[in-house]
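S.K.: Below are the structure tokens for one structure; questions will follow.
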Amino acid sequence: MARIFSIMSGKGGVGKSTLSSSLAMYFAGQGMNTLLIDGDIGLRCADLMLNVQDRVVFDLGDVKERLCPANQALIHPTGIPHLSLLAAPQMMKPSDIKSKEINKLLEAMQEEQDIILLDAPAGIGRGLKNLLGAPAAPVIVATPDDVCLRDAEKMGMLLQEKGEMHPWLVLNRVNKKWIRKGEMPTPQAIAMNLDMPLAGVIPESDAIYRALLRHQTAYECDDVAVRQAIENTASRLLGADTPLPVYKTPRRLFGKGGVAF
Ligand SMILES: Nc1ncnc2c1ncn2[C@@H]1O[C@H](COP(=O)(O)OP(=O)(O)O)[C@@H](O)[C@H]1O
Ligand SMILES: [Mg+2]
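Our numbering puts the first residue of the sequence shown at 188, with every later residue one more than the last.
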């Protein structure tokens with residue numbers, strides 16, 4: 188039975204696809220059968236990150252329309268034996284795929300996979316609605332600024348209202364130099380304010396964008412701190428008690444009174 192995670196965020200561009208493709212690469216490398224579903228309907232990108240963009244024949248939309256069985260739509264990146272991708276449809280809107288259909292797909296895929304990662308569209312609109320009721324552990328990705336954190340908080344509240352599982356938090360683009368200067372709150376303080384368990388802290392790194400330019404995931408980038416952060420995140424999501432990084436902070440509190448979102 189697969190462990191299923193939906194990678195979501197209130198705000199766009201915070202690193203959901205970066206994280207989900209990297210986790211997929213890591214889990215598959217550990218020999219776990221891993222399926223990455225690109226759920227960003229209309230804005231597919233995981234195929235580019237896994238460098239299989241020329242091999243997309245069928246996608247999630249074709250599975251929904253029953254044009255092919257789900258297994259036939261899976262793309263297996265060369266050289267990574269345990270990894271499969273189900274690409275997002277380009278020509279559909281999020282409202283074209285219903286939560287019932289996503290849940291049916293997850294059920295069908297759950298037997299053969301060890302891990303299923305759903306890369307969700309940003310926001311609290313239709314795309315999120317489609318994921319409600321899915322047997323997936325929500326993982327909220329956020330960057331450590333108040334604009335993004337407010338959206339993460341709102342998303343957490345919405346999940347709670349709908350009776351979903353308590354979400355994990357992954358903080359992306361964390362800069363320890365800025366934390367040391369008191370310009371960025373510590374991940375631990377943010378997680379406490381949001382009342383979400385911290386599954387991971389991914390450092391800000393140019394190497395991630397350079398990897399993207401080469402059609403590689405952040406897990407393949409040449410920054411060892413990023414790769415380690417992804418491994419640690421994956422281990423915590425699976426229940427390991429992996430210690431979080433400890434940050435040096437200035438004596439005074441961040442800003443005038445801590446985190447303010
Ligand atoms: N930790 C990071 N450091 C630097 N750049 C990052 C980091 N995480 C993501 N990015 C960059 O941010 C952009 C948006 O990331 P993406 O994963 O596509 O976001 P989302 O899926 O949430 O829209 C990409 O160009 C990616 O390379
Ligand atoms: Mg994305």
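Don't be surprised by glycine CBs; every beta carbon is placed ideally from N, CA and C.
For P281, which of helix, strand or coil comes out of DSSP?
M.R.: Residue mapping note: residue 281 aligns to position 94 of the sequence shown, counting from 1. Here P281 sits in helix by DSSP.
S.K.: Can you tell me the Cβ-Cβ gap for P264 and L237, rounded? I've got them flagged as a contact below 8 Å.
M.R.: In the sequence shown, counting from the first residue as 1, residue 264 sits at position 77. In the sequence shown, counting from the first residue as 1, residue 237 sits at position 50. So it is a contact: roughly 5 Å between Cβ atoms.
S.K.: If you drop the 5 nearest sequence neighbours on each side, which residues of the same chain put their C-beta closer than 6 Å to that of D225?
M.R.: Numbered from its first residue, the sequence shown carries residue 225 at position 38. Taken in chain order, the residues that qualify are R231, A233, A274, A275 and D306.
S.K.: Taking the CB atoms as reference points, tell me whether I262 and V243 lie closer together than 8 Å.
M.R.: Along the sequence shown, read from residue 1 onward, the residue named residue 262 stands at position 75. Along the sequence shown, read from residue 1 onward, the residue named residue 243 stands at position 56. Cβ distance < 8 Å, so I262 and V243 count as in contact.
S.K.: Measure the CB-CB distance between L304 and I417 and report whether it falls below 8 Å.
M.R.: Locating residue 304 in the sequence shown gives position 117, counting from the first residue. Locating residue 417 in the sequence shown gives position 230, counting from the first residue. No, these two residues do not count as a Cβ contact at 8 Å.
S.K.: A405 to G202, Cα distance in whole Å?
M.R.: Indexing the sequence shown from 1 puts residue 405 at position 218. Indexing the sequence shown from 1 puts residue 202 at position 15. Distance between the alpha carbons of A405 and G202 is about 10 Å.
S.K.: Do the segment 337 to 356 and the segment 207 to 218 touch if we need at least three Cβ pairs shorter than 8 Å?
M.R.: With a cut-off of 8 Å, the segment 207 to 218 and the segment 337 to 356 do not count as touching, because too few Cβ pairs lie within range.
S.K.: Around the C-beta of S282, are 16 or more other C-beta atoms found within 10 angstroms, so that it is buried, or is it exposed?
M.R.: For the purposes of this step, residue 282 is identified with residue 95 of the sequence shown, where counting begins at 1. So S282 counts as exposed.
S.K.: Short of 7 Å in beta carbon distance, which residues of its chain neighbour A421, apart from the five on each side in sequence? Order them along the chain.
M.R.: Indexing the sequence shown from 1 puts residue 421 at position 234. The residues are L210, Y213 and F214.
S.K.: Count the other CB atoms within 10 Å of the CB of V357; is the residue buried (16 or more) or exposed (fewer)?
M.R.: Locating residue 357 in the sequence shown gives position 170, where the first residue counts as 1. Under this definition V357 is a buried residue.
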